[in-house]
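Numbering (the working numbering), first residue to last: 62 to 412. By construction, the Cβ of each residue, glycine as well, lies at the ideal position given by its N, Cα and C atoms.
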Amino acid sequence: MRTQKNTTDMATKEQEILNAAKLAFEETTGFCITILEVEPAEKIHPDAVLQIDVPEVKLKKFYAEIKGFITKATIGHVIERMRRFGKPGILVTRHVTPPMAEKLKELNIAFIDTAGNAYINELPFFVYIIGRKKKEIPATETIVRAFRPTGLKVVFALLCLPELVKAPYRDIATAANVALGTVGWVMYDLKKLNFLVDRGKHGRKLINTDKLLDTWIHAYARELRPKLYIGHYDATIKEWWEKIEPGENQFFLGGEPAAARLTDYLKPETITIYGPEEINKFLIVNHLKKDPQGKIEIFQKFWNFDYPWNYKILVPPLLIYADLIATADDRNIETARIIYDQYIDRLIEKY
Numbered sequence: 062m063r064t065q066k067n068t069t070d071m072a073t074k075e076q077e078i079l080n081a082a083k084l085a086f087e088e089t090t091g092f093c094i095t096i097l098e099v100e101p102a103e104k105i106h107p108d109a110v111l112q113i114d115v116p117e118v119k120l121k122k123f124y125a126e127i128k129g130f131i132t133k134a135t136i137g138h139v140i141e142r143m144r145r146f147g148k149p150g151i152l153v154t155r156h157v158t159p160p161m162a163e164k165l166k167e168l169n170i171a172f173i174d175t176a177g178n179a180y181i182n183e184l185p186f187f188v189y190i191i192g193r194k195k196k197e198i199p200a201t202e203t204i205v206r207a208f209r210p211t212g213l214k215v216v217f218a219l220l221c222l223p224e225l226v227k228a229p230y231r232d233i234a235t236a237a238n239v240a241l242g243t244v245g246w247v248m249y250d251l252k253k254l255n256f257l258v259d260r261g262k263h264g265r266k267l268i269n270t271d272k273l274l275d276t277w278i279h280a281y282a283r284e285l286r287p288k289l290y291i292g293h294y295d296a297t298i299k300e301w302w303e304k305i306e307p308g309e310n311q312f313f314l315g316g317e318p319a320a321a322r323l324t325d326y327l328k329p330e331t332i333t334i335y336g337p338e339e340i341n342k343f344l345i346v347n348h349l350k351k352d353p354q355g356k357i358e359i360f361q362k363f364w365n366f367d368y369p370w371n372y373k374i375l376v377p378p379l380l381i382y383a384d385l386i387a388t389a390d391d392r393n394i395e396t397a398r399i400i401y402d403q404y405i406d407r408l409i410e411k412y
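Right, dumping it as C-alpha cells:
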C-alpha cells in the first residue's frame, strides 16, 4: 500500500536541509524559492515541490529529492529516482563538492545545497555556482540503527518477503542472518520513523514502503555494501559466469550479469558475485585471480532466505537494482528502471 507525503509531514531532517538550502540559494542568487504542496495523486511522490520566482520568467515546478549526503556510491540512486518523477527534478542536499557538481552538470541534474552552490539550466534561466564551502546546520538526528549495516540486513529481508514482518522475531533474525536482539531495536526504529505499525491481532505491517525502500537503497550503498566487499578478480575464461549453476556453493549473480538475464538490455562489463566469505574453492574452479583492476567483484552474501522467484542463481531484484544504480553508469541506471518497473514496483504493491 502506498502512502503520500506532503510538506507538512516531511521528516524534520529533510525540512532543515530544504530550509537551509532555500535560504542559501536566495542569499546567493537574489531569487526566491516558494515551497508548494505535493500533489497527493503522484505515484512517485517527491520530497517537496519548488517554484523559483524569477521576474518576467515563468519556470516549471521542480520536484525535489532531498538527501543528507551525496557520494559516488549514492548518486546513481538519486538520478534514477528523479528520472522516475517524469517531471523536472532538483536535488537538495547539504553540500555538493566541485567534482560532484561537474558530474551533476554533465548529467543536467539541477541541484541546490546549504552552502549556496547550485546548478539550474531551465532556459532562459541559468545558474551554476560551485566551490562554496560546506556550512554546518544543526542535525536533529544521526543515522538510526535500522539503517546501519546490521539493521539494513533486517530491513532488506522485510522488504523482500512481505509476510515476514508478521513472523516471530526469531524467524526474522534467521532470514536476515542477524542476532535475535537486533530485530527488536530495528522494529522499534521502524515504528518511530513511521515505517511500521502493530495492528494487534492482525499483526505487524510495513507502511510508507516506497519511502522505506528509497531509504534502504541509499543507505545500502553507503553503509553496508562497502563492508561486504571481498575483492576484485580477473578471469582466464571468457564469460565463465554463464556456467554458474543455481545453488553452486551458494554463489549468486548480482548487478549487471543478473540484470542481463532478466532484461536482455545490456551486455555485462562488471560481473558482481555474492557468496560465502570463504571463496578459495570458487576461485580455483572458475580460474579467477586477484586483480584490483579486474572486472569481477565479489561480495559476501548477507541474507538467509530463498527469494520466491524462478531465477535461483540471481540475488533478489531489490539487490540487483541497488547494485546497478551504485555504479552511476547511465546504461545501468536505465536497466535499473526496467527492473524497478517489472519486479520492485509490484513488490511494493503487496504491502
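Let me confirm a value: Ala29 is counted as buried when at least 16 other C-beta atoms fall within 10 Å, else exposed. Which label applies? Since the first residue of the chain shown is 62 and the last is 412, residue 29 is not available in this structure.
According to DSSP, is Ala179 helix, strand or coil? Your numbering for residue 179 matches position 118 in the sequence shown. Here Ala179 sits in strand by DSSP.
Excluding the 5 residues preceding and the 5 following Val226 in the sequence, name in chain order all residues of the same chain whose CB lies nearer than 6 angstroms to its CB. Locating residue 226 in the sequence shown gives position 165, counting from the first residue. Around Val226: Leu219, Arg265 and Leu267.
Since Gly264 is in the alpha helix (DSSP H), which residue starts that stretch and which ends it? Counted from its first residue, the sequence shown places residue 264 at position 203. Note, Gly264: premise wrong, no alpha helix (DSSP H); not H, not E.
Cβ neighbours of Lys196 in the same chain (closer than 6 angstroms, five flanking residues each side left out): Within the sequence shown, numbered from 1, the residue matching residue 196 stands at position 135. Cβ neighbours of Lys196 beyond the five flanking positions: Thr175 and Ala176.
Of the listed residues Glu167, Phe130, Trp277 and Phe312, nearest to Asp390 (C-alpha basis): Translated into the one-based positions of the sequence shown, residue 390 becomes position 329. Comparing alpha-carbon positions, the option among Glu167, Phe130, Trp277 and Phe312 lying closest to Asp390 turns out to be Glu167.
By Cβ distance below 8 angstroms, which residues in the same chain neighbour Ile409 in space, the five residues on each side in sequence not counted? Reading the sequence shown from its first residue, position 348 is the one you call residue 409. So the qualifying residues of the chain are Arg63, Thr270, Asp271 and Leu274.
Starting from Ala82, trace the alpha helix (DSSP H) both ways and give me its first and last residue. Here residue 82 is taken as the residue at index 21 of the sequence shown, counted from 1. Ala82 -> alpha helix (DSSP H) spans Thr73 to Thr90.
By the 10 Å Cβ neighbour count, where 16 or more other Cβ atoms means buried, how is Pro378 classified, buried or exposed? Indexing the sequence shown from 1 puts residue 378 at position 317. The Cβ neighbour count for Pro378, taken over all protein chains shown within 10 Å, is at least 16; the residue is labelled buried.
Could you say if the region 203 to 216 and the region 335 to 355 meet the contact criterion of at least three C-beta pairs nearer than 8 angstroms? no
Selection from Thr243, Ala171 and Lys194 that minimises the alpha carbon distance to Gly150: By one-based count along the sequence shown, residue 150 stands at place 89. Among Thr243, Ala171 and Lys194, the Cα nearest to that of Gly150 is on Ala171.
Starting from Asp271, trace the beta strand (DSSP E) both ways and give me its first and last residue. In the sequence shown, residue 271 corresponds to position 210, counting from 1. Where Asp271 is concerned, there is no enclosing beta strand (DSSP E), although the alpha helix (DSSP H) it sits in stretches over Thr270 to Ala280.
Would you grab the beta carbon distance between Thr154 and Arg283 for me? Rounded to a whole angstrom, and I think it's under 8 angstroms. Against the sequence shown, residue 154 aligns to sequence position 93. Against the sequence shown, residue 283 aligns to sequence position 222. In fact, because the Cβ distance is near 13 angstroms, the residues do not count as touching under 8 angstroms.
Does Tyr326 come out as helix, strand or coil in the three-state DSSP assignment? For the purposes of this step, residue 326 is taken as residue 265 along the sequence shown, with counting starting at 1. Coil at Tyr326, not helix or strand.
Grab me the residues of Val346's own chain with a C-beta within less than 6 angstroms of its C-beta, minus the 5 sequence neighbours each way, in chain order. The residue labelled residue 346 in the question sits at position 285 within the sequence shown. There are no such residues.
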